[in-house]
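The structure appears below as structure tokens.
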Amino acid sequence: MSNDANDQILLLDWYRHNKRDLPWRHSPEAYGVWISEVMLQQTTVQAVIPYYERFMARFPTLESLAKSPVESVLEHWAGLGYYSRARNLHKAARELARDGGFPKTHLELSKYPGFGPYTARAVSSIAFGEHAGIVDGNVVRVLSRRHGLKLEWWTPKGRAVLQEHADRLVARGDSSSTNQALMDLGATVCVPRAPRCLLCPWASVCAARKLGRQEEFPLARPRKEREIWIWRPRVLLSRGRVGLVANEYAPFLKGHLICPGRAERKNKAPKKFDFRHSVTCHDIFVILERENKKIPEKSITWVPLQKLKQAAPSSLLQKALKRVKELQ
0 MSNDANDQIL LLDWYRHNKR DLPWRHSPEA YGVWISEVML QQTTVQAVIP YYERFMARFP
60 TLESLAKSPV ESVLEHWAGL GYYSRARNLH KAARELARDG GFPKTHLELS KYPGFGPYTA
120 RAVSSIAFGE HAGIVDGNVV RVLSRRHGLK LEWWTPKGRA VLQEHADRLV ARGDSSSTNQ
180 ALMDLGATVC VPRAPRCLLC PWASVCAARK LGRQEEFPLA RPRKEREIWI WRPRVLLSRG
240 RVGLVANEYA PFLKGHLICP GRAERKNKAP KKFDFRHSVT CHDIFVILER ENKKIPEKSI
300 TWVPLQKLKQ AAPSSLLQKA LKRVKELQ
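As structure tokens, then:
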């Protein structure tokens, strides 16, 4: 028996007794798997569960999501952040519904908006049983320790090595359960700090454990330098509406509606500002624009304040409006 086949047997036996009870596993159809996997990007399982349940109650099928306006999708996504995910979700839903539903392979799925290598493989393997390994943060850690791999997993070359190991592990048998077991193992046992090795089904074969250096695997990814930006928005209010423009000037919230204004990158933080906000790698220091400069009316989209969360769900705008009211 090959090492991969033996690893799979041990892993699946552990999974049968230790699998997590997650709402998207109750009926592992492609639509629910897809929604959960997109939500889980950059977000923890426990944080996602209530969002997932509310989202599925509002959009229970692919067709219902495809037929809904994007503003409604964004409203139900509010709080999860990374809103480009929600826009791609809606766009892909419309294309999938038009094409008659989900294709069953990761190569076909990858043609749709937002279906990167991970998401496409997750949906095809979990929902349709395709023998395609998936590599997320948990899997990177588990496989790096199991095989003693000190590689730059964030590079295409390093990722390819891990992908090959993941593909071999699911090359036969129940690929859906194997992939989910691997993620559960990383989330509950093979954790970043103080891994619970005595509970691990791979304890006797783990290369990192044999060396006694589990926490040295995987290599730490170099931190991306945080960028300091000063944002000077004009908060336009008129008859219960706020005036917004398509964001073509700031590197944060690309493609969103935001207040007109300007953004400048700086080497150090300003001493005086109205409030501070963080988006991905951007530290944003907000200084509300007080000058009454003329803005072309045709470039402004007037959004009723009660519908702001639908049109522009980012909390950055909510903070700007709150600060304006405090200063009035």
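Numbering (numbering that gives the first Met the number 0), first residue to last: 0 to 327. By construction, the Cβ of each residue, glycine as well, lies at the ideal position given by its N, Cα and C atoms.
Short of 7 Å in beta carbon distance, which residues of its chain neighbour residue i, apart from the five on each side in sequence? Order them along the chain.
i    : result
V134 : Y117, R158, L161, Q162, A165
G172 : Q7
I260 : Here the sequence assigns Gly to residue 260, which means Ile is not the residue at that position. The residues are W230, R231, P232, R233, E288.
I125 : P27, V32, S175, N178, Q179
G185 : N137, V138, R140, V141
S313 : Y82, L252, H255
R220 : W153
G115 : none
P102 : L108
Where residue i and residue j are concerned, what is the direct C-alpha to C-alpha distance, given to the nearest angstrom?
i    : j    : result
L197 : G211 : 13 Å
S175 : L307 : 40 Å
G100 : P22  : 22 Å
L218 : P155 : 15 Å
V65  : R97  : The displayed chain sequence assigns Ala, not Val, to residue 65. Distance between the alpha carbons of A65 and R97 is about 9 Å.
K81  : T279 : Sequence inspection shows Tyr at residue 81; the Lys mentioned does not correspond to that position. About 8 Å.
V204 : V138 : 16 Å
H255 : D273 : 22 Å
D20  : Y50  : 16 Å
L181 : L10  : 7 Å
T43  : A170 : 28 Å
R264 : P250 : 10 Å
D183 : K271 : 46 Å
F216 : Q40  : 22 Å
P194 : L79  : 28 Å
A131 : S277 : 36 Å
L235 : S63  : 34 Å
V72  : H16  : 37 Å
I34  : R238 : 37 Å
Specify the secondary structure class of residue i as computed by DSSP and reduced to three states.
i    : result
H281 : strand
H130 : coil
V234 : coil
L61  : helix
T118 : helix
A202 : coil
P22  : helix
L243 : strand
V169 : coil
A256 : Here the sequence assigns Leu to residue 256, which means Ala is not the residue at that position. In the structure shown, L256 sits in a strand (DSSP, three-state: E or B).
E226 : strand
E214 : helix
A310 : helix
F274 : strand
V302 : strand
E263 : strand
G185 : helix
Below 8 Å CB to CB, which residues in the same chain sit around residue i once its five sequence neighbours on both sides are set aside?
i    : result
P191 : R140, E214
P269 : I229, F284, I286
Y248 : G260, R261, A262
H146 : H164, A206
For residue i and residue j, which I take to be in contact (beta-carbon distance under 8 Å), what is that distance rounded to the nearest angstrom?
i    : j    : result
L315 : L252 : 7 Å
Q309 : E70  : 4 Å
A311 : V302 : 7 Å
Going by the CB atoms, is the gap between residue j and residue i shorter than 7 Å?
i    : j    : result
A119 : H105 : yes
L304 : V241 : yes
F54  : H75  : yes
L168 : D3   : yes
R144 : A207 : yes
G113 : N87  : yes
V37  : R84  : yes
L61  : L95  : yes
A202 : V122 : no
I257 : N266 : no
Give every residue of the same chain whose Cβ lies closer than 6 Å to the Cβ of residue i, excluding the five residues on either side of it in the sequence, and list them in chain order.
i    : result
D282 : R225, I227
C199 : V188
S298 : V244
A77  : K308, P312
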